[in-house]
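Trainee: Which chain is which? The protein sequence lines are A and B, in order.
Under the working numbering, residues 7 to 196 are what the first sequence spells out, in order.
Under the working numbering, residues -3 to 157 are what the second sequence spells out, in order.
Every residue gets a Cβ at the ideal spot worked out from N, C-alpha and C, and that includes glycine.
Got a structure for you, written out below as structure tokens; questions coming shortly.
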Amino acid sequence: VAGAAAALTLTTVGQTVGPLRHLAFFAPRRPDRGPQGVPVNRAAIEAGVVDRATASSYRLDVEGAVTRPLSLTLSDLQGLAQREATLPISCVEGWSATARWRGVGVGDLLALAGVGERRDVEVEVHSLEEGGAYNRSVLNHWHARDRDTLLALELGGEPLHLDHGFPLRLIGPNRPGVHQTKWVTRLVVR
Amino acid sequence: MTAQEDPVAPAGTGHDDGAPGGPSGRGALFWIGLAAGWAVIVWSVVGAMGDSIDTNPPHLAAWVLGTLVVHDAVWATGVVLAGWVTARRLTPAVRVPVRVGLATSALLALLTWPQVRGYGERPATPSALPLDYARNAAVAFGVIWVAVAVSVALRRRPTGM
């Protein structure tokens, strides 16, 4: 039993420990397999967002407790100051994969919307996905203000793949993968 | 996500009453353990019922009870049978490596079955089950039985080296 347990650990741990990935014989995910070299938990087709994510009518709305509500097109977002961060997707399925992300800082967007430096700010991040338990997530004050918390437009120097949340996805430090909301269309500030 | 906990709990170590007073005495530890165990069970059931969209209680119940039945009817029977056959048919030098090989292979087969069968494959998500698990399982079984063969050869070698 101990031998089998050791063998199985060795052949699955590679789904999160990069150097062991070639030993990950039985891992249900490989951290380097997927669009743009990063695995996907839920594809755009499964989430039913393909049409709206690729429509020219796409907007990111920033609303709620803001002094200047925003409604930004994809090119508006691309025109804003961009930040970069190297952060992992750490999925509750058991895998994790680190990548280089580039996009608009959530803190910068809050400043643009006229949200002051108040300490109790919370931001609800809503996806285009209509159903599902994870079609939104909440950023607390620390997450929202962290300079590495991005609404990413790019992954590894390329526009996000549709399955990674094109046109815009949340990526921030110290969050489980299911709370790195994809296909983001609305921020509600509280 | 599917739970893949090993349903093959190690064979029980008998009745541990947690009481130093012997098998019939039930000390404080027994009752504390009983209360804690039942609290966890009740908490799990309440949680599973409350989250029924995600947990699907009938499937969960079938899984929990099904593993018990499969364990007792199939698994335990197989283990007893394998033990009996290896005890009668194999010499001591061969018996231990073969038993280790059988146990390891059985666990490996059980735990890799979902991947080999492709449970959880999704056509829209190429990163779900991306590997050739049947081939990988074959390689792993090969490694196990080569190790068994090497071990048998070493044990059969005349002593005095």
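1) For a cutoff of 8 Å on Cβ pairs, would you count LEU166 (chain B) as touching chain A?
2) Report the rounded CA-to-CA distance for GLY100 (chain A) versus ILE37 (chain B), giving the unit in angstroms.
3) On the criterion of 16 or more Cβ atoms from any shown chain inside 10 Å, does SER62 (chain A) qualify as buried, or is it exposed?
4) Within the chosen definition, does the stretch 145 to 157 of chain A reach the stretch 117 to 127 of chain A through at least 3 CB pairs nearer than 8 Å?
5) Taking a Cβ distance cut-off of 9 Å, strictly less, list which residues of the stretch 83 to 97 of chain B are near chain A, in chain order.
6) Starting from ALA103 (chain A), follow the alpha helix (DSSP H) in both directions and report where the run begins and ends.
7) Using a Cβ-Cβ distance under 8 Å, would ASN52 (chain B) count as near chain A?
8) Let me know if THR22 (chain A) comes out buried or exposed under the rule of 16 or more other beta-carbons within 10 Å of its beta-carbon.
9) Are there 16 or more other CB atoms within 10 angstroms of the CB of TRP189 (chain A), so buried, or fewer, so exposed?
10) Look at the alpha carbon of ASP154 (chain A) and the alpha carbon of GLU135 (chain A), and state the distance between them as a whole number of angstroms.
11) From the beta carbon of THR17 (chain A), is the nearest beta carbon of chain B less than 8 Å away?
12) Starting from ARG142 (chain A), trace the alpha helix (DSSP H) in both directions and tell me its first and last residue.
13) So who's on the other strand from GLU164 (chain A), going by DSSP bridges?
14) For LEU157 (chain A), tell me which candidate among A:ALA12, A:HIS167, A:LEU16, A:ARG108 has the shortest Cα-Cα distance.
15) Name the chain B residues that come within less than 7 Å of PHE32 (chain A), Cβ to Cβ?
16) Please list the partners that GLU52 (chain A) has in chain B, where partner means a Cβ-to-Cβ separation under 9 Å.
17) Going by DSSP, what residue range makes up the beta strand (DSSP E) through GLY94 (chain A)?
18) Tell me, please, whether the CB atom of THR100 (chain B) is closer than 8 Å to any CB atom in chain A?
19) Could you check what DSSP says for PRO182 (chain A) in three-state terms: helix, strand or coil?
20) Can you tell me the Cα-Cα spacing of PHE31 (chain A) and LEU127 (chain B), whole angstroms?
21) So, is the C-beta of LEU14 (chain A) closer than 8 Å to a C-beta in chain B?
22) Along the stretch 89 to 118 of chain A, what residues have a CB closer than 8 Å to any CB found in chain B?
Mentor: The relevant details are as follows:
1) What is shown of chain B runs -3 to 157, which leaves residue 166 (chain B) out entirely.
2) 24 Å
3) exposed
4) yes
5) VAL96
6) Per DSSP, ALA103 (chain A) belongs to no alpha helix (DSSP H); it is in the beta strand (DSSP E), 102 to 111.
7) No, ASN52 (chain B) lies away from the interface with chain A (no Cβ there is under 8 Å from its Cβ).
8) That one is buried.
9) TRP189 (chain A) comes out buried.
10) 24 Å
11) yes
12) Element bounds for ARG142 (chain A): not the alpha helix (DSSP H) but the beta strand (DSSP E), 142 to 145.
13) A:LEU161
14) Here the closest residue by C-alpha is A:ARG108.
15) THR108, GLN111, TYR129, ASN132
16) ARG118, ALA120, THR121
17) One detail in the question is off: residue 94 (chain A) reads as Pro in this sequence, not Gly. Residues 89 to 96.
18) yes
19) Strand.
20) 8 Å
21) Between LEU14 (chain A) and chain B, the shortest Cβ-Cβ separation is below 8 Å.
22) Across the stretch 89 to 118 of chain A, CB contacts with chain B closer than 8 Å involve VAL98, GLU99, in sequence order along the chain.
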